[in-house]
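In the numbering used here, the protein residues as written are 8 to 699. See structure below.
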């Protein structure tokens, strides 16, 4: 097997160029110091890699990181300025380029070369995989680097080496099949494929050697020998296959061909002797027993290709292993400006998609809510379906009325002693000197009489209902008795025919079931939209945008496929909207039919009558309670008014004023009396009260 030599890489320094570029762009490169050092060490490690799987991993890691770096940082004279130097394999010339593509091609060449060494030094199974991987790498080079500055990585060279690696992979597979005691018919086809590929590789290698002085003469000579050897094997195995199927004449012809081929090959004595021995036996048996005609001409042998190039991205069978080999993107924090712009465009696309779906969900929810409110479902259906329970719901003292009753009871009876207070104040005023202040107090008392009387009249009008509230709401209380009509007026279907009652109950049950289904649809829609929203917000395609920096019309190439991954959520939301529309129409028709039933119409009418009576009773006690509150507040204000009025009375006001004058001091003014204004204190006092 041929193991290719590795290209020699000249040492380069990544540190200074990367620091310079990052400093120019970000103002400082300190935060990337660790990444720069790590990347530079990776380059140093691939200068002379071991010819084992360890060397393969080192080369693949550096290539992967270099590819990621090239997506984020422009490796050119206008970007990160660096020169790559590699020596040609056979002329020794050093090629210097600033192109990242040149560096990648040379690294990949060495990666394929290491794979060829792994194939040449391991068992057939490992060799088979290694040669296919090498073929895939060379194929990638031939298709991706069309204008290579070195003959080593030229498209024609890479294609030739890919064919060579496939020939050796086919050979390894054949050897493994032979060890596995595969049937001769398949061995013949595998051998013929190997012969064809070796022949093509030999022709290509010879042309490169003669035209470009690239490679070694031993390579194409080896391929030519292997091509003939594989062809001899193909005929030998085909002969054995035909012999086993009793086609003795054709078997002898192929064995003769194998013998002829092996005779011309060096170092094939063993195969030649085997062919001679088998041919002798076949001819003897045919002469003595079968007497079949031996044809001198036969068709080309069929071939079965068992080897094909392994794509570069599948170099490692497990992609998780490949990811671990490459490691995290060292410069993932470096986001190019154009990627930022495209990320913003993509975010707006997502936001618009979210707004569209949000509107769709909101409209559907509002339609459902409005429809159920319009039909008063499920409340009305539940009341009609369970009339006894419905009657219990509207029987007894309502909770609000109970609260009013508790408040009135705890406050105690209202005391109307306002007339006595007025008389007491009047008596005190009359015992003193008749002054302007006394006259004002009398006038306030006279004015208060009307309000006091109105307060008491209001109390008398609501006293009966307030007394009912004050007595509480226990069993047998007047308040409880006033709500007894609800229970006695409750509607039952017991007097109806069983079939009629069953029909109504079935319709109502179907209505309630549809309402439950609609609620499930609503919940499912909300759940799906929440998941959809979470996925959209968590979606980050920055790495893909970096990988597609050079892609034109990215909206078509990337945005649409990326947004398409949310289609299942949108389809599920649309499905809930469609099902809701269908079910709402069914429910509306069913509810109309149910309400059209004479039984339901009567039951609904009777219930409305009960509810109307109940509402009247509640309003009656509400008015009583609110009037009681107003009277209670009025009494408090009245007592406050009379307290203030009493405090303003000073006996013998005239003598007090004279005494103050004789002493030369300012008179001690009495407290300012209040003017009655519905039990509110005036905002100002009459200044005439304080004239000397």
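Positions of the beta carbon are idealized from the N, C-alpha and C atoms, including for glycine.
Of the listed residues the options, nearest to residue i (C-alpha basis)
i, options, result
"residue 371", "124, 556 and 536", "536"
"residue 457", "29, 484 and 425", "425"
"residue 530", "46, 376 and 150", "376"
"residue 129", "434, 8 and 364", "8"
"residue 88", "118, 31, 49 and 53", "31"
"residue 67", "233, 430, 144 and 652", "144"
"residue 56", "591, 251, 568 and 116", "116"
"residue 421", "656, 643, 54 and 41", "643"
"residue 217", "323, 198, 308 and 164", "164"
"residue 288", "270, 263, 308 and 309", "263"
"residue 24", "11, 16, 39 and 10", "39"
"residue 480", "640, 628 and 83", "628"
"residue 290", "91, 355, 258 and 177", "258"
"residue 109", "118, 120, 92 and 124", "92"
"residue 561", "648, 650, 197 and 356", "356"
"residue 233", "198, 215 and 244", "198"
"residue 604", "622, 486, 512 and 265", "512"
"residue 235", "208, 488 and 260", "208"
"residue 460", "641, 319, 491 and 389", "641"
"residue 303", "618, 261, 111 and 281", "261"
"residue 610", "391, 652 and 542", "391"
"residue 600", "16, 416 and 515", "515"
"residue 307", "245, 490 and 122", "245"
"residue 598", "58, 385 and 509", "385"
"residue 364", "581, 322 and 227", "581"
"residue 28", "340, 62, 534 and 80", "80"
Spatial distance of residue i from residue j (CA atoms)
i, j, result
"residue 14", "residue 210", "24 angstroms"
"residue 593", "residue 518", "9 angstroms"
"residue 229", "residue 574", "57 angstroms"
"residue 204", "residue 149", "18 angstroms"
"residue 428", "residue 462", "15 angstroms"
"residue 368", "residue 35", "48 angstroms"
"residue 200", "residue 313", "8 angstroms"
"residue 26", "residue 41", "11 angstroms"
"residue 329", "residue 70", "12 angstroms"
"residue 495", "residue 409", "Confidence at residue 495 is low in this model, with a pLDDT of 42, below 50, so its placement is unreliable and no value can be given for it."
"residue 212", "residue 539", "57 angstroms"
"residue 86", "residue 578", "46 angstroms"
"residue 271", "residue 194", "22 angstroms"
"residue 22", "residue 43", "6 angstroms"
"residue 359", "residue 587", "24 angstroms"
"residue 237", "residue 83", "49 angstroms"
"residue 436", "residue 446", "9 angstroms"
"residue 179", "residue 140", "13 angstroms"
"residue 482", "residue 393", "26 angstroms"
"residue 379", "residue 387", "10 angstroms"
"residue 523", "residue 607", "21 angstroms"
"residue 103", "residue 564", "35 angstroms"
"residue 444", "residue 454", "15 angstroms"
"residue 127", "residue 65", "19 angstroms"
"residue 487", "residue 612", "24 angstroms"
"residue 619", "residue 366", "41 angstroms"
"residue 470", "residue 417", "16 angstroms"
Residue(s) in a DSSP beta bridge with residue i
i, result
"residue 101", "94"
"residue 15", "94"
Check: Do the segment 272-286 and the segment 133-142 touch if we need at least three Cβ pairs shorter than 8 angstroms?
Finding: no
Check: Hey, is the segment 219-233 in contact with the segment 95-108, meaning 3+ C-beta pairs nearer than 8 angstroms?
Finding: yes
Check: Between the segment 150-167 and the segment 178-194, are three or more C-beta pairs nearer than 8 angstroms?
Finding: Taking 8 angstroms as the limit for Cβ pairs, the verdict is that the segment 178-194 does not touch the segment 150-167.
Check: Using 8 angstroms as the threshold, is the segment 156-173 in touch with the segment 334-346, meaning 3 or more CB pairs across them?
Finding: no
Next item on the list: Within the segment 328-375, note down every full alpha helix (DSSP H) run reaching 4 residues or more, in order along the chain.
Entry: You should have found no qualifying run.
Margin query: I'd like to know if the segment 590-604 and the segment 550-569 are in contact, where contact means that at least 3 CB-CB pairs between them fall below 8 angstroms.
Written below: no
Check: Can we say the segment 626-642 touches the segment 471-480, given the rule of at least three CB pairs closer than 8 angstroms?
Finding: yes
Next item on the list: For the segment 315-330 and the segment 46-55, state whether three or more C-beta atom pairs, one from each stretch, are separated by less than 8 angstroms.
Entry: Taking 8 angstroms as the limit for Cβ pairs, the verdict is that the segment 46-55 does not touch the segment 315-330.
Notebook entry, point to check: Does the segment 166-185 come within contact of the segment 338-349, defined as at least 3 CB pairs closer than 8 angstroms?
Noted result: By the Cβ rule, the segment 166-185 does not count as touching the segment 338-349, because fewer than three pairs are nearer than 8 angstroms.
Notebook entry, point to check: Taking three-plus beta-carbon pairs below 8 angstroms as touching, is the segment 244-264 in contact with the segment 296-310?
Noted result: The segment 244-264 vs the segment 296-310: in contact.
Notebook entry, point to check: Where in the segment 519-567 do unbroken runs of the alpha helix (DSSP H), each at least 4 residues long, occur, reported from the N-terminal end onward?
Noted result: 549-554
Margin query: Which runs of the alpha helix (DSSP H) at least 4 residues long sit entirely within the segment 239-293? Give them in chain order.
Written below: Fully enclosed alpha helix (DSSP H) runs of 4 or longer: 255-271 and 276-292.
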